Amino acid sequence: MDMTLPLLILVLPITMFLILGLCGMKMSHKLAGTLGTIGMGITAILAYTVAFTYFFSGNPDFVTAEGVRQQFEVFNYDWLAFTPTLIVQLGFLLDPISALMLVVITTISFFVHLYSLGYMHGEKGFQRYYAFLSLFTFSMLGLVVATNIFQMYIFWELVGVSSYLLIGFFYTLPSAVAASKKAFIVTRFADLGFLIGILLLSFFTDTFNFVELTSNPGTTISTLSAGGTFMGCSVVTWALCLIFMGGMGKSAMMPLHIWLPDAMEGPTPVSALIHAATMVVAGVYLIARMFPVYCLDEASMDFIVIIGAITAFYAAVVACAQIDIKRVLAFSTISQIAFMMVSIGAARPELHEGLGYMSGMFHLFTHAMFKALLFLGAGALIHAVHSNNYTDMGGLRKYMPITHWTFLIGCLAIAGIPPFSGFFSKDEMLTAMYDNSMFLGVWMTMVAGLTAFYMFRLYYMIFWWEENPHYKDHKPHDSSWTMSLPLIILAVVSCVSGFIPFGHFVTWNGEPYDIHLKMSVAITSIVVAVVAIALATVLYRKKNDVPAKMANSVKWLWTAANRRFYWDEIYMFVTHKIIFNIICKSIAWFDRHIIDGTMDMFAKVTQKVSYAIRGLQSGSIQTYVLWYFAGAILLGLVVWMMVI
Amino acid sequence: MDYSQFLTMGSELMLLVVFLIVFLFDTFGGAKAREYTSPLALICFSVMTVAMWLLPTNGGEAFSGMYYTSGIITVIKTILNLGVILVILQSVKWIDSEEAKIRRGEFYELMMVTLFGMYFMISARHFLLFIIGLECASLPLAAMVAFNKNQYESHEAAVKYIFTAVFSSAILLLGLSFVYALSGTGSLYFSDLATQVASGENSMLLVLAIAFVIAGFGFKLSLVPFHLWTADTYQGAPTSVTAYLSVISKGSASFAFLVVLAQVFGAAYSQVWEWMLYGLIIITITIGNLFAIRQKNMKRFMAFSSVSQAGYIMLGIISANVIGMTSMVFYILVYIFSNLGAFAVISAIENKTGKIGMDDYNGLHKTNPWLSFAMTLAMFSLAGIPPFAGFFSKILIFNGALESGSVALYVLVLIALINTIISLYYYLLVVKAMWISPEEPVVGEFRSSCYERLGMWLCIAGIVGLGIVSWFYTYIYDASMLDATTFFANLI
Numbered sequence: 000m001d002m003t004l005p006l007l008i009l010v011l012p013i014t015m016f017l018i019l020g021l022c023g024m025k026m027s028h029k030l031a032g033t034l035g036t037i038g039m040g041i042t043a044i045l046a047y048t049v050a051f052t053y054f055f056s057g058n059p060d061f062v063t064a065e066g067v068r069q070q071f072e073v074f075n076y077d078w079l080a081f082t083p084t085l086i087v088q089l090g091f092l093l094d095p096i097s098a099l100m101l102v103v104i105t106t107i108s109f110f111v112h113l114y115s116l117g118y119m120h121g122e123k124g125f126q127r128y129y130a131f132l133s134l135f136t137f138s139m140l141g142l143v144v145a146t147n148i149f150q151m152y153i154f155w156e157l158v159g160v161s162s163y164l165l166i167g168f169f170y171t172l173p174s175a176v177a178a179s180k181k182a183f184i185v186t187r188f189a190d191l192g193f194l195i196g197i198l199l200l201s202f203f204t205d206t207f208n209f210v211e212l213t214s215n216p217g218t219t220i221s222t223l224s225a226g227g228t229f230m231g232c233s234v235v236t237w238a239l240c241l242i243f244m245g246g247m248g249k250s251a252m253m254p255l256h257i258w259l260p261d262a263m264e265g266p267t268p269v270s271a272l273i274h275a276a277t278m279v280v281a282g283v284y285l286i287a288r289m290f291p292v293y294c295l296d297e298a299s300m301d302f303i304v305i306i307g308a309i310t311a312f313y314a315a316v317v318a319c320a321q322i323d324i325k326r327v328l329a330f331s332t333i334s335q336i337a338f339m340m341v342s343i344g345a346a347r348p349e350l351h352e353g354l355g356y357m358s359g360m361f362h363l364f365t366h367a368m369f370k371a372l373l374f375l376g377a378g379a380l381i382h383a384v385h386s387n388n389y390t391d392m393g394g395l396r397k398y399m400p401i402t403h404w405t406f407l408i409g410c411l412a413i414a415g416i417p418p419f420s421g422f423f424s425k426d427e428m429l430t431a432m433y434d435n436s437m438f439l440g441v442w443m444t445m446v447a448g449l450t451a452f453y454m455f456r457l458y459y460m461i462f463w464w465e466e467n468p469h470y471k472d473h474k475p476h477d478s479s480w481t482m483s484l485p486l487i488i489l490a491v492v493s494c495v496s497g498f499i500p501f502g503h504f505v506t507w508n509g510e511p512y513d514i515h516l517k518m519s520v521a522i523t524s525i526v527v528a529v530v531a532i533a534l535a536t537v538l539y540r541k542k543n544d545v546p547a548k549m550a551n552s553v554k555w556l557w558t559a560a561n562r563r564f565y566w567d568e569i570y571m572f573v574t575h576k577i578i579f580n581i582i583c584k585s586i587a588w589f590d591r592h593i594i595d596g597t598m599d600m601f602a603k604v605t606q607k608v609s610y611a612i613r614g615l616q617s618g619s620i621q622t623y624v625l626w627y628f629a630g631a632i633l634l635g636l637v638v639w640m641m642v643i
Numbered sequence: 000m001d002y003s004q005f006l007t008m009g010s011e012l013m014l015l016v017v018f019l020i021v022f023l024f025d026t027f028g029g030a031k032a033r034e035y036t037s038p039l040a041l042i043c044f045s046v047m048t049v050a051m052w053l054l055p056t057n058g059g060e061a062f063s064g065m066y067y068t069s070g071i072i073t074v075i076k077t078i079l080n081l082g083v084i085l086v087i088l089q090s091v092k093w094i095d096s097e098e099a100k101i102r103r104g105e106f107y108e109l110m111m112v113t114l115f116g117m118y119f120m121i122s123a124r125h126f127l128l129f130i131i132g133l134e135c136a137s138l139p140l141a142a143m144v145a146f147n148k149n150q151y152e153s154h155e156a157a158v159k160y161i162f163t164a165v166f167s168s169a170i171l172l173l174g175l176s177f178v179y180a181l182s183g184t185g186s187l188y189f190s191d192l193a194t195q196v197a198s199g200e201n202s203m204l205l206v207l208a209i210a211f212v213i214a215g216f217g218f219k220l221s222l223v224p225f226h227l228w229t230a231d232t233y234q235g236a237p238t239s240v241t242a243y244l245s246v247i248s249k250g251s252a253s254f255a256f257l258v259v260l261a262q263v264f265g266a267a268y269s270q271v272w273e274w275m276l277y278g279l280i281i282i283t284i285t286i287g288n289l290f291a292i293r294q295k296n297m298k299r300f301m302a303f304s305s306v307s308q309a310g311y312i313m314l315g316i317i318s319a320n321v322i323g324m325t326s327m328v329f330y331i332l333v334y335i336f337s338n339l340g341a342f343a344v345i346s347a348i349e350n351k352t353g354k355i356g357m358d359d360y361n362g363l364h365k366t367n368p369w370l371s372f373a374m375t376l377a378m379f380s381l382a383g384i385p386p387f388a389g390f391f392s393k394i395l396i397f398n399g400a401l402e403s404g405s406v407a408l409y410v411l412v413l414i415a416l417i418n419t420i421i422s423l424y425y426y427l428l429v430v431k432a433m434w435i436s437p438e439e440p441v442v443g444e445f446r447s448s449c450y451e452r453l454g455m456w457l458c459i460a461g462i463v464g465l466g467i468v469s470w471f472y473t474y475i476y477d478a479s480m481l482d483a484t485t486f487f488a489n490l491i
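Just so you know, the sequences run in chain order A and B.
Quick note: the first sequence uses numbering that gives the first Met the number 0, first residue 0, plus one each step.
Quick note: the second sequence uses numbering that gives the first Met the number 0, first residue 0, plus one each step.
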């Protein structure tokens, strides 16, 4: 394959960033927005072309005669060649999951660009916003096409930086600043583990390259095993779990999930882009990328499943008790991402040819579409009523029909009602989990039921319940076409994308297979979802006091869930009371007195010596020549003495 | 005689042609046409640089081995050319001023003659040719230093320069005559002398000879304690000439120094000159830094900064291996862009306002944000802050020194690292003056000429791009790998 198109996919967004970033202030809002959107549109077209070529051209580089999809390095450029073995490369890897991600990222990013034209209309720093969006898209694209884990790490950090900039976009708002800082610090902390994991991995295997690491996973594992054990776990498990820690940070797995709900302080389209479709699935993508290696190490796979299962349940419970609609969606995202993690963690090559891997990626795709839809819908609602809380909404279905219907489709998709896309992917994931263990399957079915419940609770509270009296002064209405069009298209995609024969495109080893519904699982999950929706309908369709009474009867639970089970308070306690007070203060003392003291002494000595020898530079040429000659003679004599 | 041998000297011949074009144009062009001497020199020279780089290198010897050229030698010559282009870009404004414009042509001619000498210094493999090249590179420079002939400082600078230059040549020749006497073969070819150095033992005379040769080069490179002329000359010379002295003259001399040490005295490496350089590097970097801290005049400041940078360049020679050579050439390339970036700003401000004190830069960002930006990048790169080119060149040159694996060199790199911290202090003083100082700006708002802006943008591109695009380093590495045996065969 010619390398022009793939290269352009990366070059275009970064060029847009530079143009908008450097010259943006001189442009009008309209020009900057249009430019950014068109640039993104072209990138999307290019990405579609590349993905289409990869999946359908039948080129032997991409697919063998037997139909097995191959990994293909379009280009791989030696960037920093420190030594013959330690080479950092930059390249473009094309395989089923990277092609899939190219499509997902550019699609969502394009819609977010388009949507923001309306949503961010008239905001201060509009051009800056578009510049950051381009930077973020560039980083994310670079991450998914990375040919080696080091390149992935570089772009991983770039994603972190650009999401920091986007979350803190309203930099005059203290809460936004705090949220962006929190997101950056938490994910950066997780990346520390990621980096150590990369170092461990590459130290023993002598390579960063994904293809080399995953094409012979047995060799990778055995070279890693040579590292022995540390604190009861083998180096294999350490390396893989530490790498997973990076994924936990970006994908907001417990206990590193605390940044995501706060990150909702950013503009809503940003939440749709970052927190629905792209950055938060980076962790899932990372595990999928390294799956052949992971699946040979039971311990780390179990770790992934346990973390994922707990997170999924926890986030679903918390989502039931939130008032801010974006927070509900944020916790729903955490829960769904955890779903994917569990699915991939539960996959084994010997179980249905790694069904969990395929379904995890399938859900990543469908979830990206319907969650972006829900976030953008939430944006439209917030735009209309100028509040994030559903207590200020209610009865909106009459005023905002487009938003209402598309939001409903999103809710049905996430709840897993056929024929919407979420049903198909969730059903496959549950099948894989039941294959792995009965308990896991039941547990995750319960989470699916909770999902349906809280989503419809949200839906009814927004669109039914009781009309807010303020509507009389300020009548809410559907938004402009730039905001409605993405909603409609994403809704259509959410309706039909479940019918994609996903097993033909993305499987763990590239061998295609047909997927089919397992009736027992499908019926169970439909029944659970329908019951949950029915319950939500009964409770929240019309204004009544049953929900309040129920909440009051288990007040401690409701408060705890509303306060997210006090995770933030725990973190605050640990960081402020223990780390800052006890550890940091003593270190600060040491730094101020011992280290600074030493440095000050060095500085003083330097200054003194510098002052003392200034006479050397007397300005008299006789002295200069004398020094010159003395220096030459001395040089010879001293070395002569040494040689003898 | 086989006249086709001249074709081996392609780069020298091309330079000669450019020189003649400029010379004839300047002599017979008439007063009106002379206005265009600068663009003419610039264009001819740029064309020549591109041609030199693109034309295939006929590596090999000429005139029974007196002259030698190869891929890496063309690379270093091309790098020097790049530097000269940048110097021309920043000197146009000054040379076209009322005071200097009558001697406009002379400036370019002198510059090309010195460059011609440097080419021979690098390519010579016979001491006769070498000395001719060296003098050809030294003496016209004195005329360049004294170019502002109505100014007292310019005279002082030139006198100090010429006296020290003559003295250093004398020392160098004395050292060479010792070697000549030791060999007793009557040959001045590098290869013959190298055989002699390898077969004999390290006598007192040889050690002194090497010390004198190093001292001779020490003048051109401004190694401590042979650097004392540097500050006075740099300060008094016209800024463009200072820029030329600090990068082009230094860069060419470093490479020639490597050639002489490795190819003639290679056998005495581990016993003799490794230790001489060892000591010189430590005091050069340290003393250069200690003096730089106190400077209030930008040109004097840059003088001591360049003294200490020379110490880092020497690290590439002391490592005496291919990686060392590659990273030295790369360091020179990066140094050219960083240092000339700084000089571009200094000369732009001096041409406009005549101010060269560090205090004059206070609050510069308010009036001239782009100049401050360029200067900041240059300072960051000189200090070695990632991700600018200076960081990579420092890392790579340390890498070359560590490659040999000797403990002494590890210690040396550690000392160099500590000195980097000191250098950070004074480089950041400039940055602080420009961006943080609360005082009212001294320099008013002005627009630089298009030549100056082009030069600055090239420097910025180099500072940002050279490190990140590793192609440059790999390119130099490939070129030097091909020539590894020629350079380091004698080494023990």
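For glycine and all other residues, C-beta sits at the position ideal for the given N, C-alpha and C.
This structure is a prediction, so every number in the text was calculated from the model and none was measured.
For Y67 (chain B), the enclosing beta strand (DSSP E) begins and ends at Y66 to T68.
Checking the DSSP bridge columns, you'll see Q88 (chain A) partnered with A:D77. For the pair Y76 (chain A) and T481 (chain A), the CB atoms are not nearer than the 8 Å cut-off. Within the stretch 448-517 of chain A, complete alpha helix (DSSP H) segments of at least 4 residues are found at 480-495, given in chain order.
S619 (chain A) carries a coil assignment under DSSP once its states are collapsed to helix, strand and coil. W639 (chain A) reaches chain B at M203 and V206, counting residues in chain order whose Cβ is nearer than 7 Å. Taking a cut-off of 8 Å on C-beta distances, the stretch 517-529 of chain A does not touch the stretch 299-306 of chain A, as fewer than three cross pairs fall below it. Cβ contact annotation for A315 (chain A) (same chain, cutoff 8 Å, sequence separation greater than five): F330, S331, S334, V446, L449, T450 and Y453, in chain order. Taking each of A:F364, A:C583 and A:I620 in turn and checking the Cα distance to P500 (chain A), the smallest one comes out for A:F364.
By the CB criterion at 8 Å, G359 (chain A) and S342 (chain A) fall inside the cutoff. Secondary structure remark: continuous beta strand (DSSP E) runs of at least 3 residues inside the stretch 360-385 of chain A: none found. Against chain B, a Cβ distance below 8 Å from V624 (chain A) picks out F162, T163 and F166. Under the 8 Å criterion on CB atoms, W434 (chain B) is classed as non-interfacial with respect to chain A. Contact of S161 (chain A) with chain B is not assigned, every C-beta pair being separated by 8 Å or more. DSSP, read as helix, strand or coil, puts G192 (chain A) in helix.
A61 (chain B): member of the beta strand (DSSP E) spanning G59 to A61, first to last residue. Between the stretch 178-185 of chain B and the stretch 243-250 of chain B, the count of C-beta pairs closer than 8 Å stays below three; the two stretches do not touch. Inter-residue distance for L99 (chain A) and Y47 (chain A) is about 9 Å (C-alpha atoms, whole angstroms). Contact residues of the stretch 211-229 of chain B toward chain A are F211, I213, A214, P224, F225, L227 and W228 (C-beta to C-beta distance below 7 Å).
Taken in chain order, the complete alpha helix (DSSP H) segments of 4 or more residues contained in the stretch 179-236 of chain A are 209-214 and 216-224. Within chain A, Q616, G618, I620 and Y623 have C-beta atoms less than 9 Å from the C-beta of D231 (chain B), given in sequence order. Nearest in C-alpha terms to L142 (chain A), of all of A:G167, A:T106, A:S97 and A:T310, is A:S97. In the structure shown, the three-state DSSP call for G356 (chain B) is strand.
Look at V263 (chain B) here: in three-state DSSP terms it is coil, with no helix or strand label.
Between T213 (chain A) and V279 (chain A), the beta carbon gap of about 23 Å keeps them out of contact (Cβ cut-off 8 Å).
Per DSSP, the beta bridge partners of V62 (chain A) are A:R68.
Put simply, the backbone Cα of L12 (chain B) is about 30 Å away from that of I213 (chain B). Against chain B, the beta carbon of W155 (chain A) has no neighbour under 7 Å; the closest one sits roughly 17 Å away.
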